[in-house]
Amino acid sequence: MNNSLFALIGLSFFLGCGCWLFFLWGVQKGEFNDLERPKHRMLDDDEAPLPARSEGSPPLPVPPSEHELTLSHRPPEPPEAEAQAGAVPHR
């Protein structure tokens, strides 16, 4: 039992020293210099404005009203279903 106790004490000591050295490395690199700026950085406008469109440029693509996959996986409706008044096909 004493052997495992000494091993755990030694392991915790080395682990604590490693964490302390990692903290000192972070302080030296300046990781803790400015704790307030990263919160506000996401609010800054860093995107460049879009260039003005000229007369000769192609028109912007129009997104489809429905997703392409829903249209491609939908089975074709039989012609007799269109002829029946008031019938609602199940999808």
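With our numbering applied, the sequence shown covers 234 to 324. For glycine and all other residues, C-beta sits at the position ideal for the given N, C-alpha and C.
Endpoints, alpha helix (DSSP H) assigned at A281: Where A281 is concerned, there is no enclosing alpha helix (DSSP H), given that its DSSP letter is neither H nor E.
Going straight from the alpha carbon of S237 to that of S245, what length do you get? 12 angstroms
Which value, in whole angstroms, describes the spacing of the CA atoms of R218 and D277? One cannot answer for residue 218 here, as it falls past the ends of the chain, which runs 234 to 324.
Quick one: what does DSSP say S245 is sitting in, helix, strand or coil? helix
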